[in-house]
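Residue numbers (my numbering): 42 to 586.
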Amino acid sequence: MANRLADIRADFPILERSINGNPQVYLDNAATTHTPRQVYEVFEEFYTRYNANVHRGIHELSHEASTAYEEAHDRLASFIGASGGRRELIFTKNTTEGINLVAYSYGKNQLGPGDAIVTTEMEHHASLVTWQQVAAQTGADLRFIRVDAKGGLDLEHAKEVIRSDTVLVSLAHVSNVLGTVNPVKEIIELAHDEGARVLVDGAQSVPNRPVDVEAMDADFLAFSGHKMVGPTGIGCLYGKEHLLEEMDPFLYGGEMIRHVTFTHSSWNKLPWKFEAGTPPIAEGIALGVAAEYLEDIGMETIQEHEEGLAQYALEEITARENVEVYGPDVGAERTGLVSFNVEGVHGHDLSAMLNDRGIAVRAGDHCTQPLHDVLSIPGSVRASFYIYNTTDEIDRLLAAVDVAPEELDGYLRSDRFHPSIHQHACTPSNEGGLDSPTFTKHSAETACGDDGEFYVRVANDGTIEEVGFESESCAVSTAVASILSEEVLGRSIEEIAELEGRIEALLEGEFPELRRDCVTGPEEVMREGAREYLEEATANQLGQH
Ligand SMILES: Cc1ncc(COP(=O)(O)O)c(C=O)c1O
Numbered sequence: 042m043a044n045r046l047a048d049i050r051a052d053f054p055i056l057e058r059s060i061n062g063n064p065q066v067y068l069d070n071a072a073t074t075h076t077p078r079q080v081y082e083v084f085e086e087f088y089t090r091y092n093a094n095v096h097r098g099i100h101e102l103s104h105e106a107s108t109a110y111e112e113a114h115d116r117l118a119s120f121i122g123a124s125g126g127r128r129e130l131i132f133t134k135n136t137t138e139g140i141n142l143v144a145y146s147y148g149k150n151q152l153g154p155g156d157a158i159v160t161t162e163m164e165h166h167a168s169l170v171t172w173q174q175v176a177a178q179t180g181a182d183l184r185f186i187r188v189d190a191k192g193g194l195d196l197e198h199a200k201e202v203i204r205s206d207t208v209l210v211s212l213a214h215v216s217n218v219l220g221t222v223n224p225v226k227e228i229i230e231l232a233h234d235e236g237a238r239v240l241v242d243g244a245q246s247v248p249n250r251p252v253d254v255e256a257m258d259a260d261f262l263a264f265s266g267h268k269m270v271g272p273t274g275i276g277c278l279y280g281k282e283h284l285l286e287e288m289d290p291f292l293y294g295g296e297m298i299r300h301v302t303f304t305h306s307s308w309n310k311l312p313w314k315f316e317a318g319t320p321p322i323a324e325g326i327a328l329g330v331a332a333e334y335l336e337d338i339g340m341e342t343i344q345e346h347e348e349g350l351a352q353y354a355l356e357e358i359t360a361r362e363n364v365e366v367y368g369p370d371v372g373a374e375r376t377g378l379v380s381f382n383v384e385g386v387h388g389h390d391l392s393a394m395l396n397d398r399g400i401a402v403r404a405g406d407h408c409t410q411p412l413h414d415v416l417s418i419p420g421s422v423r424a425s426f427y428i429y430n431t432t433d434e435i436d437r438l439l440a441a442v443d444v445a446p447e448e449l450d451g452y453l454r455s456d457r458f459h460p461s462i463h464q465h466a467c468t469p470s471n472e473g474g475l476d477s478p479t480f481t482k483h484s485a486e487t488a489c490g491d492d493g494e495f496y497v498r499v500a501n502d503g504t505i506e507e508v509g510f511e512s513e514s515c516a517v518s519t520a521v522a523s524i525l526s527e528e529v530l531g532r533s534i535e536e537i538a539e540l541e542g543r544i545e546a547l548l549e550g551e552f553p554e555l556r557r558d559c560v561t562g563p564e565e566v567m568r569e570g571a572r573e574y575l576e577e578a579t580a581n582q583l584g585q586h
């Protein structure tokens with residue numbers, strides 16, 4: 042692959058863009074990959090040559106659009122080894138919608154009290170939240186396979202929780218935080234032995250390794266186009282044909298029907314039964330081209346390249362004493378991402394500082410809040426690699442990580458921030474809890490991996506007399522919490538319940554736009570806390586009358 046890297050990079054003009062005066066290093070591929078010329082040119086061709094709705098018109102443009110759209114299904118089916126072709130491949134909006142389709146059309150019909158859904162502690166919210174809701178709505182039990190100390194699934198525990206009452210197992214093929222490649226084939230076998238069906242979340246595996254649904258015997262597999270050089274707004278759900286045949290539609294409307302009267306409707310053949318309304322036509326065709334693009338490089342080659350980068354990054358980063366790394370150790374199988382935290386530098390600050398150098402990573406809980414609870418961290422920084430990344434780029438990341446602890450002070454002191462940010466970050470006011478506060482308000486800002494608590498004492502006259510705060514948030518949010526803790530003293534609780542824009546005004550707008558949420562976050566938390574306090578006080582008063 043090394044000899045093709047320059048050609049591959051040339052297919053992605055966006056890589057030529059410099060960020061903050063530096064060549065761009067894009068290491069946020071687990072969130073969304075870049076898109077090559079071959080894929081986005083599909084849009085120009087579609088809209089300049091054969092834009093029309095599919096399946097409906099007996100005219101040339103509609104025929105061309107329909108043919109290309111339908112063939113894209115076959116291409117994607119073959120990409121994941123589904124021999125049923127388009128009949129087993131539904132275009133969805135993304136992985137999330139694919140999982141929801143199974144939840145609504147299969148899970149909700151099959152599950153009830155006494156049944157169980159089994160998933161894992163490392164699931165993305167797309168799966169975890171969906172099954173939580175299905176369990177709540179059907180009365181089914183929801184059980185989680187434990188993550189072990191090495192960031193893998195505890196297979197002994199899997200054997201305990203997958204039992205004869207299990208109707209559905211839903212698990213990620215690859216963890217989007219730990220990089221773990223789960224033994225899906227083994228777990229599918231376990232589940233099938235108990236009569237359960239298995240949905241594999243392939244969002245982080247289909248883009249970077251050969252995936253064969255029939256070899257693994259998955260019943261369903263969901264993945265997203267935007268993580269595999271395809272466009273946004275399109276994803277796929279594979280399902281075994283006989284299961285899809287038995288299932289009710291997910292959404293109702295045009296395209297998905299065969300015959301409609303005032304009292305009854307019958308459903309179109311697969312996969313159209315599950316594609317209600319006008320579908321994402323150009324996106325679907327472009328996704329077919331994306332799959333072709335990856336196949337031309339070779340999925341084994343892509344896997345090898347990504348794993349090589351991950352092992353290189355992992356080896357280097359674990360050698361640093363001030364860095365904590367999550368997931369399988371060096372040498373163990375892993376996909377192309379590394380999540381970590383640097384001592385003394387919150388992930389949100391680190392990613393902002395890396396951005397100054399043109400390096401894009403992601404900080405936060407990566408839509409896996411419960412997994413971060415298991416790891417006992419509020420968030421992590423994730424660098425994720427793809428076909429166009431190089432070891433030189435990883436070296437740039439490492440060099441920036443190395444200097445981050447000593448550069449944090451200068452970053453906060455820079456003229457992008459109002460001087461009080463640096464001052465409060467260095468010497469915060471009112472840090473710590475309060476004994477018997479009137480109310481406390483917890484904040485867990487999932488997007489950036491912030492965690493904090495405000496403690497507020499309200500005097501008899503309804504004004505705030507004391508505030509304390511504890512923060513595991515970024516330096517900017519922590520400084521703002523400190524400023525806010527001074528600012529609210531002596532003000533009425535009603536005034537605090539309406540607080541908006543006060544901090545921004547105090548800072549005279551002197552902060553980078555990129556950090557707006559860090560600046561406005563604490564105020565929102567305090568405002569919500571005050572509102573909840575007032576609501577409760579009103580409810581108590583009403584209760585007394
Ligand atoms: C493992 C996993 N599952 C599901 C998703 C959700 O994907 P989408 O937002 O494209 O629906 C993601 C996205 O990051 C993911 O990493």
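By construction, the Cβ of each residue, glycine as well, lies at the ideal position given by its N, Cα and C atoms. No experiment lies behind these values; they were computed from the predicted model shown.
Query                                                                                                                                                                 : Result
Does the distance between the C-beta of A213 and the nearest non-hydrogen atom of ligand 1 fall short of 7 Å?                                                         : yes
Alpha carbon to alpha carbon, how far is A263 from Y88? Give it in angstroms, no decimals.                                                                            : 28 Å
List, from N- to C-terminal side, the alpha helix (DSSP H) runs of 4 residues or more that fit wholly inside the segment 174-219.                                     : 196-202
Could you tell me whether the Cβ atoms of E347 and I131 are closer together than 8 Å?                                                                                 : no
Pick out the complete alpha helix (DSSP H) segments inside the segment 82-147, 4 residues or longer, and give them in chain order.                                    : 101-120 and 136-143
Around the C-beta of L525, are 16 or more other C-beta atoms found within 10 angstroms, so that it is buried, or is it exposed?                                       : buried
Which of the three DSSP states is assigned to V529 in this structure?                                                                                                 : coil
If you measure between the beta carbons of P251 and M340, is that distance less than 8 Å?                                                                             : yes
Among Q151, G349, I358 and A445, which residue has its Cα nearest to the Cα of L395?                                                                                  : A445
Looking only at C-alpha atoms, which of D195, K149, S307 and S533 sits nearest to I228?                                                                               : D195
Cβ of N217 within 7 Å of any heavy atom in ligand 1?                                                                                                                  : yes
Whose C-beta lies closer than 8 Å to the C-beta of N363 among residues of the same chain, with five residues either side of it excluded?                              : V383, E384, G385 and P446
Roughly how many angstroms separate the alpha carbons of A360 and G243, rounded to a whole number?                                                                    : 31 Å
Look at the alpha carbon of E539 and the alpha carbon of T561, and state the distance between them as a whole number of angstroms.                                    : 14 Å
Following the continuous beta strand (DSSP E) through Y279, name the residue where it begins and the one where it ends.                                               : G276 to G280
Taking 7 Å as the cut-off, does the CB of Q174 come closer than this to any heavy atom belonging to ligand 1?                                                         : no
Do the segment 48-56 and the segment 278-290 meet, that is, are 3 or more Cβ pairs less than 8 Å apart?                                                               : no
Just confirm the distance between the C-beta atoms of A71 and L378, as a whole number of angstroms; I'd bet it's less than 8 Å.                                       : 5 Å
Does the structure place the segment 321-328 close enough to the segment 176-194 that three or more beta carbon pairs sit under 8 Å?                                  : no
Looking at the structure shown, is F315 part of a helix, part of a strand, or coil, going by DSSP?                                                                    : helix
Could you tell me the distance, in whole angstroms, from the CA atom of M163 to the CA atom of L231?                                                                  : 19 Å
Given that a residue counts as buried once 16 or more other Cβ atoms are within 10 Å of its Cβ, and exposed if not, what is D69?                                      : buried
Among the candidates F303, G276, G318 and T376, whose CA atom is the shortest distance from the CA of G294?                                                           : G318
Starting from S512, trace the beta strand (DSSP E) both ways and give me its first and last residue.                                                                  : I505 to S512
Alpha carbons only, please: which of L152, E576 and V175 is nearest the one belonging to I140?                                                                        : V175
Please list the terminal residues of the continuous alpha helix (DSSP H) segment that includes R50.                                                                   : L46 to A51
Since I believe S146 is in contact with F291 (beta carbons under 8 Å), could you give me their beta-carbon distance rounded to a whole number of angstroms?           : 5 Å
For F453, collect the residues of the same chain with a Cβ closer than 7 Å to its Cβ; drop the 5 residues on either side in sequence, then sort them by chain order.  : Contrary to the premise, residue 453 reads as Leu rather than Phe in this sequence. So the qualifying residues of the chain are I462, H463, A466 and A516.
Please give the ranges of any beta strand (DSSP E) in the segment 235-309, keeping only runs that are unbroken, at least 3 residues long and fully inside the region. : 238-242, 261-265, 276-280, 298-301 and 306-308
In the DSSP output, which residue or residues are listed as bridge partners for N382?                                                                                 : E365
For the alpha helix (DSSP H) containing A392, name the first residue and the last one.                                                                                : Correcting the residue identity first, residue 392 is Ser in this sequence and not Ala. S392 -> alpha helix (DSSP H) spans G388 to D397.
Measuring from the CB of C277, is there a heavy atom of ligand 1 at a distance below 7 Å?                                                                             : no
A113: buried (16+ other C-beta within 10 angstroms of its C-beta) or exposed?                                                                                         : buried
How many angstroms separate the CA atom of A234 from the CA atom of T221?                                                                                             : Strictly speaking, residue 234 in this sequence is Asp, with Ala absent from that position. Approximately 24 Å between the Cα atoms of the pair.
Here's a check: name, in chain order, each residue in its chain whose Cβ is nearer than 7 Å to the Cβ of L416, leaving out the five neighbours to either side.        : Y367
Could you spell out the range, first to last residue, of the beta strand (DSSP E) harbouring V422?                                                                    : S421 to S425
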